[in-house]
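Using our numbering, the letters of the sequence shown correspond one by one to residues 1 to 127.
In this text, a Cβ means the ideal position worked out from N, Cα and C, and glycines have one as well.
Computed from a prediction, not measured in an experiment: that's the story for all the values here.
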Amino acid sequence: MKNHYTFINVIILSAACMMALAGCSRHSPPTPRGTTYHYIVHGTIVALPVSNQGPPQLQINAGPIHNWVRMNGKVGTMPAMVMPYQLERGVSTAGLKVGEKIVFHYEVNWQRDIAQITSIRPARAKP
């Protein structure tokens, strides 16, 4: 009779462990392959592109980017930071100056390894 109760306890314990493990399993979000994400970002120009130093990049103190989709598919907020942003071919920085507040469209596609500014303009002064 003692072995019978031990067998039942083992079955109950096993079932409890399986249910606990099932509750703990997490599905990781899919990797955002092939999708191009577009963001509108506000920032301040820190440095203009230097000619003859690879692809043109604009150093920007950018505000946070909400609904940022990371390479692993998780969505969050990219915090405000100063970083270089690559300019898409044909995007002009003519007339822009260091310290100027801007609004730019930022395009990211993790599969094609694209992260670039596709358009840029001075920010309008708030009334």
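Residue from the options whose Cα sits closest to the Cα of residue i
i      : options                       : result
ILE60  : THR118, TYR85, TYR37, PRO79   : TYR85
ILE65  : HIS38, GLY54, TRP110, LYS97   : HIS38
LEU48  : TYR106, VAL108, LEU96, ASP113 : LEU96
ARG199 : GLU107, GLY76, ALA80, THR77   : No answer is possible for residue 199: the residues shown for the chain start at 1 and end at 127.
LEU58  : HIS105, ASN109, GLN111        : HIS105
ARG124 : ARG70, GLU100, GLY73          : GLU100
ASN109 : ALA80, GLY54, THR93, ASN72    : ASN72
THR36  : GLY43, GLY54, MET78, ARG70    : ARG70
VAL50  : MET78, ALA94, ASN67           : ALA94
CB-CB length for residue i against residue j, believed under 8 Å
i      : j      : result
LEU87  : PRO56  : 5 Å
ILE117 : ILE45  : Wrong, their Cβ atoms sit about 11 Å apart, outside the cutoff.
VAL91  : ILE120 : 6 Å
VAL41  : ALA62  : 5 Å
Host beta strand (DSSP E) of residue i (start-end)
i      : result
THR93  : THR93 -> no beta strand (DSSP E), and no H or E assigned at all.
ALA47  : 37-47
TRP68  : 65-69
LEU107 : In the sequence as presented, Leu is not what sits at residue 107; that position holds Glu. GLU107 -> beta strand (DSSP E) spans 101-109.
PRO122 : 114-122
GLY76  : 75-78
Where residue i falls: helix, strand or coil (DSSP)
i     : result
LEU21 : In this predicted model, LEU21 has a pLDDT of only 44, less than 50, meaning its place in the structure is not dependable enough to derive any value.
PRO84 : strand
VAL50 : coil
ASN61 : strand
VAL10 : Low local confidence applies: a pLDDT of 47 at VAL10 is under 50, so the model's placement there is unreliable, with the coordinate-based value given in what follows. Helix at VAL10.
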